[in-house]
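J.: For reference, the structure I am asking about is given below.
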Amino acid sequence: MLSDAFRELLDIQEERLEAIRAECAPFVSGQHAESTAIHQRIVSDIDELLSRTRAFRAAAPQTLDGKRKALEDYGAVSKISMELCTFLFSGSHAAGPFRHPVLQKHAVLIHTIAREQVLTCVNTGWALIEETLAESKGLSPDNAPPAAAPKTQLRGHLRVVSNDGTLVERSPRPHP
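Start counting at 1 in the sequence shown, then tack on 231, and there's your number in our numbering.
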């Protein structure tokens, strides 16, 4: 289910999250209660992100239901990332003047990771939809035609699979 390029992206995301966690962990036991609470939330959310991402990577679902469940779990990872990013942007001012720019930097990085996670969920979701449609028509992933081929899109045409399973090429409507 996971390509080598995607595994590499997960490695990079984990590395970045671990670096942010390592930088925030010493502030969890600080003197300022508000700053401590902010950093505690960052550390606990990153721990949750890392554990869920590792579980997603380790999962090797073979059925469509298993793949859907894995995709839902990874969708929860992107939701946690977006919530953490929003929390950092809205609460970083309360951590003191020294930590403000650092937390803003962390928020930007986590936002980038969250966008990558959302894009991954969307792309994986489309692949899962194509696989579901192919299975419902009795096709295997090996002999199923692509729902939309990039080369034909560049020429202004679109290949689609009709209801009976045949490949149909459509031209775009002319603009008035």
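All C-beta atoms, glycine included, are put in the ideal place defined by N, C-alpha and C.
Near E366, what residues of its chain come up, given a Cβ to Cβ distance below 8 Å and the 5 sequence neighbours on each side ignored?
T.: For the purposes of this step, residue 366 is identified with residue 135 of the sequence shown, where counting begins at 1. L295, listed in sequence order.
J.: Report the three-state DSSP secondary structure of V274 (helix, strand or coil).
T.: In the sequence shown, the residue the question calls residue 274 occupies position 43. Note: V274 maps to helix in three-state DSSP.
J.: DSSP three-state call for K382: helix, strand or coil?
T.: On the sequence shown, residue 382 is found 151 positions in, with the first residue counted as 1. Caution is warranted here: a pLDDT of 46 is assigned to K382, below 50, making its placement in the model unreliable, and no coordinate value can be reported.
J.: Can the beta-carbon of S312 be found less than 8 Å from the beta-carbon of I269?
T.: To locate residue 312, count along the sequence shown from 1; it is residue 81. To locate residue 269, count along the sequence shown from 1; it is residue 38. Contact: no.
J.: Tell me the rounded alpha-carbon separation between T351 and A338.
T.: Locating residue 351 in the sequence shown gives position 120, where the first residue counts as 1. Locating residue 338 in the sequence shown gives position 107, where the first residue counts as 1. Taking the straight line joining both Cα atoms gives about 20 Å.
J.: Considering only residues of the same chain and omitting the five flanking positions on each side of C316, which have a CB-CB separation below 7 Å?
T.: To locate residue 316, count along the sequence shown from 1; it is residue 85. Within the same chain, C316 has close Cβ partners A338, I341, H342, A345.
J.: From S282 to D242, what does the alpha carbon distance come to, in whole angstroms?
T.: Along the sequence shown, read from residue 1 onward, the residue named residue 282 stands at position 51. Along the sequence shown, read from residue 1 onward, the residue named residue 242 stands at position 11. When rounded, the distance between both Cα atoms is 13 Å.
J.: Alpha carbon to alpha carbon, how far is F287 from K336?
T.: Taking the sequence shown and counting its residues from 1, the one referred to as residue 287 is at position 56. Taking the sequence shown and counting its residues from 1, the one referred to as residue 336 is at position 105. Between F287 and K336, the C-alpha separation is close to 27 Å.
J.: Taking just the CA atoms, how far does L370 sit from F318?
T.: For this step, residue 318 is matched to residue 87 along the sequence shown. For this step, residue 370 is matched to residue 139 along the sequence shown. Rounded to the nearest angstrom, the two C-alpha atoms are 46 Å apart.
J.: Quick check on K298: buried or exposed, where buried means 16 or more other Cβ atoms within 10 Å of its Cβ?
T.: Residue mapping note: residue 298 aligns to position 67 of the sequence shown, counting from 1. With 16 or more other Cβ atoms within 10 Å, it is buried.
J.: Check T343 in the structure and name its three-state DSSP category.
T.: Along the sequence shown, one-based indexing puts residue 343 at 112. T343 falls in the helix class under three-state DSSP.
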